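Visitor: What follows is a single structure, and I will ask about it in a moment.
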Ligand SMILES: [Zn+2]
């Protein structure tokens, strides 16, 4: 038995790329208007506005306030949170729970960012009084490189295996007219791309993009009256390792497994029920960890699983990130993973549609390998 | 080298940096539950007790993860590229982010035994590591 107490009835995206002079809130407005259109509802049906401030947003935790004023919304529920790539799963969860509790009926979940134009480099150092920068440790690539280096040493995972994730995501992006990077590349290109933080090459890293995404969540009753195909929220999960060095296996992010298995339990499904997966790919190594945590393979076996790319592409055992992911579609911090999950469940994906797909897993991970969220969505 | 990143010295980390200058790698030991803690913090994350004292460690450890930075993220490190960063498992339990000397060295691997080395950098002495033996 799945949860099914709320549904996604609309998704909207803005243009994606680099747009000097365009604010993140302008992009958010574009996405919001498109999501309303997709849901087939007027703005005044929105009685909840929950948001994630972009990396260049000056408002921080008060982002909902600025965006609500600009969108002319006076909602029943409103807030903003920042959990990096786990934010969208968490916000969709909060919207769904608020709807179940009767605190709101139709919630807009919104994110906009001008990270490319704003020069966001995702290069901050962790640590407090003793900044990790004292030892030269900066940025998100390095955090994931810690996982990659250890996974390679413990399980024999190779850089070429990571490369297959990048090659496959790019192949999928080539089938997505909205993807920013659509030019195919080879394993040789991956190996020849410059090192960013060894063992991660440039082509192991996601894009940095301007863009926005909005998602409309409503009750199953309202969803049934809707013109488009509603997508069921079958299960939701979250788990976090808020400690870093104090936690022995922090590098492996075992909390991600708990988030996914909570979502599976709520949805009444298991790994073999997942027809297509949208796995947060800030770096290629992240996909390997998700495959292991989600139970598609055993710990340490994701490297051989992705090698050659056939198992994770269209027609394979488990098509992953069918729109191209953070690596090639656009870096919307996992928000487009929800959008693609919804579109796959609606059967709208044209040449990249997974035929007959009925259940999808969407995952997100953020901060210094700290936060994670998972959604199981269904047709 | 300009803009070197420096510790913000407080009551919680002063003894760590004084220890490094004196050739000793120290972490906090909780007086209630004996937990050895790093990163340095005002109370114990296990039992939340605020009483603690400094404890010197052996300085011996193992490389858990090895990175080599080729991308500059900060002006203080731009001229030192490429340099390594390691996650070290210390013998007594705590883990640290640090470097293996020389900073540009890549001739070591995950699993290698390392021992602390105190690296003077201007007015501060930074605990880093050398491959043991
Ligand atoms: Zn204690």
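Chains as they are written, first to last, in the numbering used here: chain G, 5 to 383; chain C, 4 to 136. Every residue, glycine too, gets a C-beta built ideally from N, C-alpha and C. What you are looking at is a predicted structure, and each value in this text was computed from that prediction instead of being measured.
When the Cα of residue 98 of chain C is compared with those of C:26, C:42 and C:73, which residue comes out closest?
Guide: Considering only alpha carbons, the answer is C:42.
Visitor: Counting only Cβ-Cβ distances shorter than 9 Å, please list the residues of the stretch 99-114 of chain C near chain G, keeping chain order.
Guide: Going along the stretch 99-114 of chain C in chain order, one finds 99, 100, 101, 102, 106, 109, 112, 113 and 114 with a Cβ nearer than 9 Å to chain G.
Visitor: Just to confirm, does residue 37 of chain C get its C-beta within under 8 Å of one of the non-hydrogen atoms of ligand 1?
Guide: Yes; taking the cut-off as 8 Å, the Cβ of residue 37 of chain C has a heavy atom of ligand 1 nearer than that.
Visitor: For residue 312 of chain G, which residues in the same chain have their Cβ closer than 7 Å to its Cβ, ignoring the five residues on either side in sequence?
Guide: Within the same chain, residue 312 of chain G has close Cβ partners 168.
Visitor: Taking the alpha carbon of residue 163 of chain G as the point to measure from, which residue in G:308, G:382 and G:376 has its own alpha carbon closest?
Guide: Per the Cα distances, G:308.
Visitor: With a threshold of 16 other CB atoms inside 10 Å of the CB of residue 78 of chain G, please say whether the residue is buried or exposed.
Guide: Classification for residue 78 of chain G: exposed.
Visitor: Mind checking if residue 369 of chain G is an interface residue toward chain C, Cβ cutoff 9 Å exclusive?
Guide: So, not an interface residue.
Visitor: Could you check whether the Cβ of residue 57 of chain C sits closer than 9 Å to any Cβ belonging to chain G?
Guide: Not one chain G Cβ lies under 9 Å of residue 57 of chain C.
Visitor: Would you check whether ligand 1 has a heavy atom nearer than 8 Å to the C-beta of residue 210 of chain G?
Guide: Answer for residue 210 of chain G: no, Cβ out of range of ligand 1.
Visitor: Return the CA-CA distance between residue 332 of chain G and residue 316 of chain G, expressed in angstroms with no decimal places.
Guide: Roughly 15 Å separates the two Cα atoms.
Visitor: Leaving out the 5 sequence neighbours to the left and right, which residues in its chain are closer than 7 Å to residue 124 of chain C when beta-carbon positions are compared?
Guide: Excluding sequence neighbours, residue 124 of chain C sits near 7.
Visitor: Give a single yes or no on whether residue 51 of chain C has its beta carbon closer than 8 Å to a heavy atom of ligand 1.
Guide: Yes, the Cβ of residue 51 of chain C comes within 8 Å of a heavy atom of ligand 1.
Visitor: Please tell me whether residue 1 of chain C has its Cβ less than 9 Å away from any Cβ of chain G.
Guide: A question about residue 1 of chain C goes unanswered here, because the residues of chain C that appear run from 4 up to 136.
Visitor: Mind checking whether residue 260 of chain G and residue 344 of chain G have CB atoms under 9 Å apart?
Guide: No. Outside cutoff.
Visitor: Pull up the CB-CB distance for residue 271 of chain G and residue 292 of chain G, whole angstroms please, since I reckon it's below 8 Å.
Guide: The Cβ separation is near 23 Å, so there is no contact.
Visitor: Starting from the beta carbon of residue 67 of chain C, find every residue of chain G whose beta carbon is closer than 9 Å, and list them in chain order.
Guide: Per Cβ cutoff of 9 Å: 150, 153, 154, 157 and 255.
Visitor: When you compare each of C:65, C:83, C:48 and C:40 to residue 56 of chain C by their alpha carbons, which one comes out closest?
Guide: Closest by alpha carbon: C:40.
Visitor: Is residue 34 of chain G buried or exposed, if buried means 16 or more other CB atoms sit within 10 Å of its CB?
Guide: With 16 or more other Cβ atoms within 10 Å, it is buried.
Visitor: Evaluate residue 296 of chain G with the Cβ neighbour count: other Cβ atoms within 10 Å of its Cβ, from every protein chain shown; 16 or more gives buried, anything less gives exposed.
Guide: Classification for residue 296 of chain G: buried.
Visitor: Report the residues of the stretch 240-268 of chain G with a CB closer than 7 Å to any CB of chain C, ordered along the chain.
Guide: Here the close residues are 247, 249, 250 and 255.
Visitor: Please confirm whether residue 337 of chain G and residue 21 of chain G have their CB atoms less than 9 Å apart.
Guide: No, Cβ-Cβ distance for residue 337 of chain G and residue 21 of chain G is not below 9 Å.
Visitor: Please confirm whether any heavy atom of ligand 1 lies closer than 8 Å to the CB of residue 353 of chain G.
Guide: False, no ligand heavy atom lies under 8 Å from that Cβ.
Visitor: So with Cβ pairs under 9 Å, would you call residue 174 of chain G a contact of chain C?
Guide: Not closer than 9 Å to any Cβ of chain C, the Cβ of residue 174 of chain G fails to qualify, so no.
Visitor: Identify the contact partners of residue 28 of chain C in chain G, using a Cβ-Cβ distance below 9 Å as the criterion.
Guide: Going along chain G, no residue has its Cβ under 9 Å from residue 28 of chain C, so there is no contact; the nearest lies around 13 Å.
Visitor: Chain G partners of residue 80 of chain C, CB-CB under 7 Å?
Guide: Within 7 Å Cβ-Cβ: 140.
Visitor: From this set, G:149, G:52 and G:68, which residue's C-alpha is nearest residue 289 of chain G's C-alpha?
Guide: The candidate whose alpha carbon is nearest that of residue 289 of chain G is G:149.
Visitor: What do you reckon, are the CB atoms on residue 13 of chain G and residue 340 of chain G nearer than 9 Å?
Guide: No. Outside cutoff.
Visitor: Check whether the stretch 202-216 of chain G and the stretch 169-189 of chain G are in contact - that is, three or more C-beta pairs closer than 8 Å.
Guide: Yes, the stretch 202-216 of chain G is in contact with the stretch 169-189 of chain G.
Visitor: At 8 Å on the CB atoms, spell out the chain G contacts of residue 71 of chain C, in chain order.
Guide: The contacting residues are 199, 201 and 202.
Visitor: At a cut-off of 8 Å, would you count residue 129 of chain G as near ligand 2, judging by its Cβ distance to the nearest heavy atom?
Guide: The ligand content of the structure shown is limited to ligand 1, which means ligand 2 is not among them.
Visitor: Check whether the Cβ of residue 135 of chain G lies closer than 9 Å to any Cβ atom in chain C.
Guide: Yes, because at least one Cβ of chain C sits closer than 9 Å to the Cβ of residue 135 of chain G.
Visitor: Just verifying my parser: in three-state terms, what is the DSSP assignment at residue 53 of chain G?
Guide: Strand, per DSSP.
Visitor: Residue 224 of chain G: which of G:11, G:363, G:24 and G:100 sits nearest, CA to CA?
Guide: Of the listed residues, the one whose Cα sits closest to residue 224 of chain G is G:11.
Visitor: Going by DSSP, which residues form a beta bridge with residue 69 of chain C?
Guide: Answer is C:89.
Visitor: Quick test of your reading: residue 219 of chain G and residue 342 of chain G, contact by CB under 8 Å. State the CB separation rounded to the nearest angstrom.
Guide: Between residue 342 of chain G and residue 219 of chain G the Cβ distance is about 6 Å, and since that is below 8 Å, they are a contact.
Visitor: Can you tell me whether DSSP reads residue 211 of chain G as helix, strand or coil?
Guide: Residue 211 of chain G: coil per DSSP, three-state reduction.
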